[in-house]
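Working notes, beginning with the structure itself.
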Amino acid sequence: MRIAVPRERTALEARVALVPESVSKLVKAGAEVVVEHHAGTSASFSDEQYTTAGATIAPDYASCMTGAHLICKVQPPTADETAAIPEGAAVICYLQPAVYPDAVQRLNGRKASALALELVPRITRAQSMDVLSSQATISGYRSVLLGASALGRLMPMLSTAAGTLAPAKCFVLGAGVAGLQAIATARRLGAIVSGFDVRPAAREQILSLGAQVLKVEGADAEGSGGYAREQSAEQAQKTQDAIAAHVAQMDLVITTAAIPGRRAPLLLNEAAIAGMKAGAVIVDLAAESGGNCAGTKAGETVHVNGVTILGPINVPSQASFHASQMLSRNILTLLQHLMTTEGTLNLDATDEITGAMLVCQNGTVRS
Ligand code: NAD
0 MRIAVPRERT
10 ALEARVALVP
20 ESVSKLVKAG
30 AEVVVEHHAG
40 TSASFSDEQY
50 TTAGATIAPD
60 YASCMTGAHL
70 ICKVQPPTAD
80 ETAAIPEGAA
90 VICYLQPAVY
100 PDAVQRLNGR
110 KASALALELV
120 PRITRAQSMD
130 VLSSQATISG
140 YRSVLLGASA
150 LGRLMPMLST
160 AAGTLAPAKC
170 FVLGAGVAGL
180 QAIATARRLG
190 AIVSGFDVRP
200 AAREQILSLG
210 AQVLKVEGAD
220 AEGSGGYARE
230 QSAEQAQKTQ
240 DAIAAHVAQM
250 DLVITTAAIP
260 GRRAPLLLNE
270 AAIAGMKAGA
280 VIVDLAAESG
290 GNCAGTKAGE
300 TVHVNGVTIL
310 GPINVPSQAS
320 FHASQMLSRN
330 ILTLLQHLMT
340 TEGTLNLDAT
350 DEITGAMLVC
360 QNGTVRS
């Protein structure tokens with residue numbers, strides 16, 4: 000099987016789908032791997048490292064695609080990229096079919112079998128293939144660094160000859176994978192940290208990290224599969240009021256709340272932001288799915304009455320080396336699940352993992 004790893008061309012994408020360590024394992028398993036020139040450069044992996052791992056370097060995108068049976072990418076292929084994909088090849092990348100139906104239709108037009116990385120089922124067996132978790136870990140960590148850099152104050156308490164500095168107060172809204180990593184990172188930087196989530200299990204996890212939990216009566220909203228569900232309108236108002244009172248004391252607020260398949264819940268309204276201290280910073284990690292905060296602009300930094308609101312997009316790409324390393328291990332484990340002992344791909348739509356990720360196959364878009 001010939002596996003192609005092209006260079007990402009989308010703006011702000013510095014990751015690469017397979018790093019040399021994974022390439023080496025695939026080559027040892029009998030695959031032929033072709034990597035486009037400079038595919039790993041923005042993630043600090045050189046062509047030489049890929050060659051040492053057993054890959055061939057293709058000078059451009061078209062020659063990287065020639066004869067490929069499987070293409071491993073990060074972002075969905077553009078129209079031009081799709082046109083060069085060999086008919087009937089398999090493609091593994093982020094696809095977000097609900098957001099980018101055109102990309103799926105284009106791939107289907109090439110009779111490609113496309114697997115969407117973000118549709119990995121959140122089951123124990125698929126944990127090591129779970130890009131949602133691996134990349135959220137990076138986002139949570141980076142969100143605190145972004146926020147700390149935008150603050151005009153330091154995070155830890157410092158007693159110095161020039162006086163004592165009070166520690167920053169940091170609040171993390173949504174304690175899933177990203178939120179818990181943000182809490183741990185803010186604690187390491189010395190902030191006084193509190194958190195909130197509508198899932199009782201997440202609140203336990205906040206406490207286990209040594210942070211405080213914002214108490215909101217009747218806030219529980221656990222849905223199926225360990226995910227959150229939407230709160231009733233009345234409860235959502237109560238939660239917003241409690242959050243507004245709490246953020247008035249905060250220096251740094253990180254918001255990560257999400258509900259699968261829905262717009263991100265609005266947790267910080269205009270009044271809550273108006274009540275915050277001048278100099279406070281909000282990092283809205285939900286910016287790409289609508290934002291948890293009124294006024295968030297995806298990809299921009301806005302200032303409202305002295306409060307800075309960051310709406311970063313593609314945060315994992317900012318730590319492209321480790322993000323690629325984790326993404327690549329996720330893809331490698333997925334490939335080990337899909338590859339037969341003869342080294343071919345078995346895309347069995349009845350398999351729980353493959354079926355959940357397969358968005359089109361044999362010229363048919365799967366619903
Ligand atoms: P997510 O990105 O969907 O949401 C982030 C957090 O926002 C969640 O903790 C959610 O409860 C919270 N949230 C939603 N609405 C909120 C509101 N109104 N106020 C406050 N918080 C709100 O979540 P995620 O990080 O992807 O993980 C969610 C769940 O999936 C967790 O239970 C996690 O343990 C589980 N999970 C399972 C696996 C696995 O078994 N393979 C892997 C990763 C995560």
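Heads up, the sequence shown is in numbering that gives the first Met the number 0, so the first residue is 0 and it goes up one at a time.
Each residue gets a CB set at the ideal place from its N, CA and C atoms; glycine is no exception.
- Taking a contact to require three or more Cβ pairs closer than 8 Å, the region 286-304 and the region 250-257 qualify as touching.
- Beta-bridge partners of Cys359 (DSSP): Ala113 and Val364.
- Around the beta carbon of Met275, 16 or more other beta carbons sit within 10 angstroms, so the residue counts as buried.
- For Lys214, no alpha helix (DSSP H) encloses it, and the DSSP letter there is neither H nor E.
- Taking 8 Å as the cut-off, one finds no heavy atom of the ligand NAD near enough to the beta carbon of Ser323.
- DSSP, reduced to helix, strand and coil, places Glu287 within a helical segment of the structure shown.
- DSSP, read as helix, strand or coil, puts His321 in helix.
- When DSSP states are grouped into helix, strand and coil, Ser158 belongs to the strand group.
- Three or more Cβ pairs closer than 8 Å define a contact, and the region 337-347 falls short of that threshold against the region 311-323.
- Rounded to whole angstroms, the gap between the alpha carbons of Ser148 and Gln317 is 14 Å.
- Exclusion of Ala355 from the 8 Å shell around the ligand NAD follows from its C-beta lying no nearer than that to any non-hydrogen atom of the ligand.
- Of the residues assessed, Pro315 falls on the buried side of the cut-off, its CB having 16 or more other CB atoms within 10 angstroms.
- For Leu69 against Ile312, the beta-carbon gap comes to about 28 Å, at or over 8 Å, which does not count as contact.
- Counting only the Cα atoms, Gly225 lies some 12 Å from Thr123.
- Between the alpha carbons of Ile242 and Leu266 lies a gap of roughly 8 Å.
- Under DSSP, the beta-bridge partners assigned to Met338 are Leu344.
- Between Gln234 and Gly217, the C-beta spacing is below 9 Å.
- Distance from the Cα of Arg141 is smallest, within the candidate group Arg365, Gly310 and Ser366, for Gly310.
- Residue pairing by DSSP places Ser193 opposite Phe170 and Gln211 in a beta bridge.
- Per the coordinates, the alpha-carbon of Leu333 lies some 23 Å from the alpha-carbon of Gln48.
- Residue pairing by DSSP places Cys92 opposite Ala115 in a beta bridge.
- Under the DSSP assignment, Glu20 falls in the alpha helix (DSSP H) whose first and last residues are Pro19 to Lys27.
- Relative to the non-hydrogen atoms of the ligand NAD, the Cβ of Arg187 never comes closer than 8 Å to any of them.
- In this structure, the CA atom of Glu80 is about 40 Å from the CA atom of Ala185.
- Between Ile330 and Leu131 the beta-carbon gap is near 13 Å, outside 8 Å, which marks them as no contact.
- Using a Cβ distance threshold of 9 Å, Ala167 and Gly139 do not count as a contacting pair.
- Its chain contains Val22, Val32 and Val34 as the residues whose beta carbon lies nearer than 6 Å to that of Ala54, once the 5 sequence neighbours on both sides are disregarded; these appear in chain order.
- DSSP places Arg186 in the helix class (H, G or I) of the three-state scheme.
- Beta-carbon to beta-carbon, Leu145 and Val282 are separated by about 5 Å, close enough to satisfy the 8 Å threshold.
- The beta carbon of Val176 sits closer than 8 Å to those of Leu131, Ser132, Ala135, Thr136 and Gly139, all from its chain and outside the five residues before and after it, given in chain order.
- Around the beta carbon of Val98, a 10 Å sphere encloses fewer than 16 other beta carbons of the protein chains shown; the residue is thus reported as exposed.
- Pairwise C-beta distances place the region 57-72 in contact with the region 82-92, as three or more of them are shorter than 8 Å.
- Counting only the Cα atoms, Ala285 lies some 16 Å from Thr307.
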